[in-house]
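Going down the list, the sequences are from chains X and E.
If you read the first sequence in the working numbering, its first letter stands for residue 35, the second for the next number, and so on.
If you read the second sequence in the working numbering, its first letter stands for residue 911, the second for the next number, and so on.
The structure appears below as structure tokens.
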Amino acid sequence: MKIKGYDAIVIGSGHAGCESALALARKGISTLLLTLNLDSIAFLACNPSIGGTAKGQLVSEIDALGGQMGINADKATIQRRMLNSSKGAAVQSLRVQADKIMYHTYMKETLENTPNLTIKQAEASDIIVKSGTVKSIKTAQGEEYECKVAVLCTGVYLKSRIIIGEFTKNEGPNGFSNATYLTKSLLKNGFKLMRFKTGTPVRIHSDSINYNILEVQKGEDNIQTFSYTTKRAPKNVADCYLTYTTPVTHKIILDNLDKAPMYSGIIKGEGPRYCPSIETKVVRFSDKERHQLFLEPESMSTKEVYVQGLSTSMPVDIQKQMVHSVIGLENAHIMRDAYAIEYDCIDPTQLYPTLESKKVKGLYFAGQINGTSGYEEAAAQGLIAGINAAQHVLNAEQLVLKRSDAYIGVLIDDLVTKGTNEPYRMMTSRAEHRLHLRQDNADLRLTEIGKKYGLIDKNRYNLYQKKLKQIDLLYSMIDDKYGTKSKMAELFKSKNESFSTNGLTVREALKRSSITIDDILEIVPELSTFPYDVLKEVEIQVKYEGYLARQQKQIEQAQRNENTLIPKSIDYNKIKGLRIEARQKLDTIKPMNLGQASRISGVSPADIAVLTVYLKLNGKNL
Amino acid sequence: MENDTICAISTPIGTGGISIVRMSGSNALAIAFKIFSSKNVSQESIKPRYFYLGNIHTADVNEKCMMVYFKAPYSYTGEDLVEFQCHGGVLVTQKVLQSLIESGARIAQGGEFTKRAFVNGKLSLDEAEGVIDVINAESESELKASYGLLKGNLHKEVEKLQNIITDILSEINVTFDFPENDDEEVTSADVLEKLTRAQKTLDHIIKTSTTGLKLKTGTKVVIVGKPNVGKSSVMNAMLGTDRAIVTSIQGTTRDVLEETYIYKGVKFNLIDTAGLHDSNDLVESIGINKAKEILKNADIVLFVVDGSQELDNFDKDIIKLLNDKKVIVVVNKCDLKQKINSSILPHAEHMECSALENKGITEIKDKIYNMVIDEKVLSQNVIITNIRHAEALSKSNEIILRVITDLQAGANLELVSLNLQSAWETLGLITGVSGTEEIIANIFSKFCVGK
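See the structure below:
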């Protein structure tokens, strides 16, 4: 007996699944969220932290598009810091320590209180496809739910296996059970799968740490929040600590390398380069005398402390020796062992930039199943897949963000165009337009798009418009001269900046690299009626004016190829002059436009030239 | 319509010994055998890449010729391609071409053979541009430079440079993406040091580019001097047997005579202010501005004076025009008694000659050659003969120099990395990494028929 009544089914309730389900339900689509375990909703399985370089940008973008992660992270924040604050606006990113218990609780609460959304603990076991379209989802428990669209957000749970030394067990993270059936269903439906690996360090008891000899890392106040709807910035109520491995740690690791699954051959999955296990670090960088470790509190309601930088899959007795060799952890009690985890994911080049699969209509994929790593990357995809699945049901236009719109655009374009052979992490280096893709202007970049796709409510939109107006107003004032001439001149002098007496305006001052908006507020107090984010925004825009203009030009140049669409009906085999490799790659990736085509590896500029000529000659007839 | 068959005369128009008519497209062989017959071969038995002797005979042609067939994709265009080698002469080849058109081929548009080669993946962007240069190459050195480009030497050099910048960029970016990494962060000083070295390499490549472009367009050598000092005799003596094409230059410079000679394989355009002889007052006759204009584009100025006379005010007026120019003072009439007061001559190389007796002329030509051509440059393989490449190189050089200045002024590495990124992308224009659309349009508009 098939169960009717749901237009959309989201499988998995991690960071991708939650965003997906919320986007669907908020867009009025009757949605069922299937999860292996209700207690694993929005579970922070690794670091108890959200944000970080480039990831902070992702969270702010999710927020500007009407997603939940930013709001939730702000609520669960116990410590926050702005990374790279000395390095320029574009690379600054917010990173917070999130209370992992509260993060889960707030998200679960949000899901439970969202209209159109039904949550059910059950294991999805089979995707039923008829004539190339998803029809229903079966559960292992024996039910079958009809649907028009489904979003797969299985995270690291597909046929996952944890590894600790020689001990292995078929289970998900943190002892949660894994998903055993879906792999078979995906293979049956023709999907190409990959096997990736990641890992997590030990959790130790806070009372067993000798904090007295460690360097404390405090949070910062007066920095922006992830969500621009957050009215009261969270307080810094917890501290992190910095410590180091010792030569003893390294000796223990090297002496026991034969027991490391990474080296003994037990682990076969591809691990991420940017997040290596401690054994990999010690082997590969043998000249380094010590490795940095961060101690991060997991929650205000537990004594568990996460040891960042000590990821390992060594046997538990070796783990204990390693931990005890670290400064300050001599007597530390390990509450949870470190482990490596292997899992199935799909090759993301099987997806369109909408995150819908090319093989099965109405079937979307988001999160770590697409070969990414990280909560933020997962949530970003979840949001886009959710929006597009809803648009699919509504028979409305799909959302594809450009590389120049958002880090989310870069993320998805990279995944579906180039694929990945290791868990993909977002980095500022991946974004060619990063000066434009700042965290501070995410709302200015994306709120209109969010509104168009129906996730921005009146309140948010009003906030955004108010900010726009205030920015305009502030701009109209910065060319005026404020205060006495001598005060502004003094400021220039004190910063060793040259000036001419007729250029002593706020704008001129802000253009100087050493003069900040805070300096100006001191001598032009009338400006302090503006909200700080508005002041900061104008400061950045003025300071980077020339660079931003140049970047804008580059974006416009790139747009020409992005706007040359490639018809879906194109037959690459008919185009003479394309090299065989390029022909195959283009046929596999099915790029939506010339820009995307030009980014496919194995497609040369000459191939693009051929394609350009072909589209010009035959474009109208396709 | 990409497969229709095109034809054209591939050799220069004129009376050469042999002319080549070329035809490319899927019907090339069938059309060829409509007008060509040989007792040795038929359309069915023809072997690719063999020469066959036979006859072209139509209503008004009866011509003995050789035919060779290249089977797709092993041809220049990547399509079936046929070439006829027939006797030279405008009339004959035109008639052969006419017969081919009557038999089903159509006349090729400018650059169409190479365009097909390009579309069929036979050429990279770089190579395609190199082909243009081969087409236009008129002298040996230029040809050498063009072939260097064809082999991708420039590509390799630029790639090396790009790699250096890639390294610098990654060193900077790692500090953004992994701020908690405890390795020592790259400093502005490190970046400055590496970048300065990279810039030197780039500078070197650019220096060769000037030479390369000169090889291509010819070096402008302007002869000035008051009437009757022997400018024309010097010019004629220099052209001698090396005399090349005579060109009359249109427009504002129609008073000026330009002739080309090739010396040691390098092209020189010799410009004589021939029309300026009538008046006794140079400044009055052409106006100071016009004289300046002619001199403005000169790479080298030959200032001819009469060694048998004292310098007068007329000579002094000319000397005033020669500031900031590369000048060779040619003291003519050295066979006569010398009266010249050389102390007021510009501080430049003085060469004595007698155009009449053809003395000292080779020395002048050597001097000019050495001033333009750095022998070291010529013996290297990387010479830039393409303006687009030279522009991309100088643009990235400009950016890198700006970055260096920024760094010295204490700019933050974030902005530095963004600027470096655009330098990197500019270098990519040479290797074909981006900017495809504009380049293609440009290439095809520049192509002549045939190779």
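We put the beta carbon where it would ideally sit given N, CA and C, even for glycine.
For a contact meaning CB atoms closer than 9 Å, what does X/Gly122 contact in chain E?
-> By Cβ distance, chain E contributes Phe1086, Asn1322, Leu1323, Glu1324 and Leu1325.
With DSSP collapsed to three states, give me the class of E/Pro1256.
-> coil
Skipping 5 residues on each side, what residues in its chain have a beta carbon closer than 8 Å to that of X/Lys545?
-> Non-local C-beta neighbours of X/Lys545 in its own chain, meaning closer than 8 Å and more than five positions away in sequence, comprise Val576, Lys577 and Glu579, ordered along the chain.
X/Asn150 and X/Thr217: beta carbons closer than 8 Å?
-> no
X/Gln326 versus chain E: which residues are under 9 Å apart at the beta carbon?
-> Glu1090, Asn1091 and Asp1092
Which chain E residues are close to X/Ala88, counting only those with a beta carbon under 9 Å from its beta carbon?
-> Phe1086 and Asp1087
State the Cα-Cα distance for the pair X/Lys322 and X/Leu344, rounded to the nearest angstrom.
-> 15 Å
For the segment 501–514 of chain X, which residues have a CB atom closer than 8 Å to at least one CB atom of chain E, in sequence order?
-> Residues: none.
Is the distance from the Cβ of X/Gln353 to the Cβ of X/Val434 below 8 Å?
-> no
DSSP on X/Ala42, reduced to helix/strand/coil?
-> strand
Other residues of its chain near X/Cys181: CB distance less than 7 Å, five sequence neighbours each side excluded = Tyr40, Asp41, Ala42, Ile43, Val168, Ser170 and Ile171
Consider the Cβ of X/Thr462: report whether some Cβ of chain E lies at a distance smaller than 8 Å.
-> yes
Select from X/Gly224, X/Ile604, X/Tyr179 and X/Val130 the residue whose C-alpha is nearest the C-alpha of X/Gly166.
-> Minimum Cα distance to X/Gly166 is reached at X/Gly224.
State the Cα-Cα distance for the pair X/Pro334 and X/Asp133, rounded to the nearest angstrom.
-> The sequence as given places Met at residue 334 of chain X; Pro does not occur at that position. Cα to Cα, X/Met334 sits roughly 6 Å from X/Asp133.
Anything in the segment 565–594 of chain X with a Cβ closer than 9 Å to a Cβ of chain E? List those residues in chain order, please.
-> The segment 565–594 of chain X vs chain E, Cβ under 9 Å: Tyr578, Tyr581, Arg584, Gln585, Gln588, Gln591, Ala592 and Arg594.
For X/Asn357, which residues from the same chain have a beta carbon less than 8 Å from its beta carbon, with the 5 sequence-adjacent residues on both sides left out?
-> For clarity, residue 357 of chain X is Val in the given sequence; the question names Asn instead. These residues qualify, in order along the chain: Val236, Ile238, Val341, Leu344, Leu363, Ala366 and Ile368.
Can X/Ile512 and X/Arg541 be called in contact, C-beta distance under 8 Å?
-> yes
Closer than 6 Å by C-beta to E/Leu1246: which residues in its own chain qualify, once you throw out the five before and the five after it? Chain order, please.
-> Result list for E/Leu1246: Ser1218, in chain order.
Kindly list the residues whose CB is nearer than 6 Å to the CB of X/Gln630, restricted to its own chain and excluding five residues on each side of it in sequence; keep chain order.
-> Thr451
Hey, out of X/Ala88, X/Glu466 and X/Ile421, whose CA is closest to X/Lys587's CA?
-> X/Glu466
Would a check of beta-carbon distances place E/Leu1328 closer than 8 Å to chain X?
-> yes
Helix or strand or just coil, what does DSSP make of X/Ser47?
-> coil
In terms of residue numbering, what span does the alpha helix (DSSP H) encompassing X/His284 cover?
-> Pro281 to Asp289
Listed by chain order, chain X residues near E/Ala1083 by CB distance under 8 Å = It is Asn, not Ala, that sits at residue 1083 of chain E in the sequence shown. Chain X residues near E/Asn1083: Met461, Thr462 and Ser463.
Test item: CB-CB of X/Gly420 and X/Val185 under 8 Å | Against a cut-off of 8 Å, the Cβ pair of X/Val185 and X/Gly420 comes out as a contact.
Give the range of the beta strand (DSSP E) segment to which E/Lys1177 is assigned.
-> Val1176 to Asp1182
Alpha carbon to alpha carbon, what distance is there between E/Tyr984 and E/Ile919?
-> 21 Å
For X/Ala158, three-class secondary structure by DSSP | strand
When the distance is taken between beta carbons, is X/Ser127 closer than 8 Å to X/Ala88?
-> Between X/Ala88 and X/Ser127, the gap from beta carbon to beta carbon is short of 8 Å.
Tell me whether the beta-carbon of E/Val1215 lies closer than 8 Å to the beta-carbon of E/Asp1225.
-> yes
Tell me whether E/Asp1222 counts as near the ligand FAD, meaning its Cβ is closer than 7 Å to at least one heavy atom of that ligand.
-> Judged by which ligands are present, the structure shown has none, so any question about the ligand FAD falls away.
Spatial neighbours of X/Ala267 in its chain, beta-carbon cut-off 6 Å, leaving aside the 5 residues before and after = Thr259
Does X/Asn530 have its Cβ less than 8 Å from a Cβ in chain E?
-> No, because no Cβ of chain E sits closer than 8 Å to the Cβ of X/Asn530.
Measure how close the beta-carbons of X/Leu192 and X/Tyr377 come, nearest whole angstrom, since I'm counting them as under 8 Å.
-> 5 Å
When the cut-off is 8 Å and only beta carbons count, does E/Gln1318 lie next to chain X?
-> no
Local Cβ density within 10 Å of X/Lys521, reported as buried at 16 or more and exposed below that = Classification for X/Lys521: exposed.
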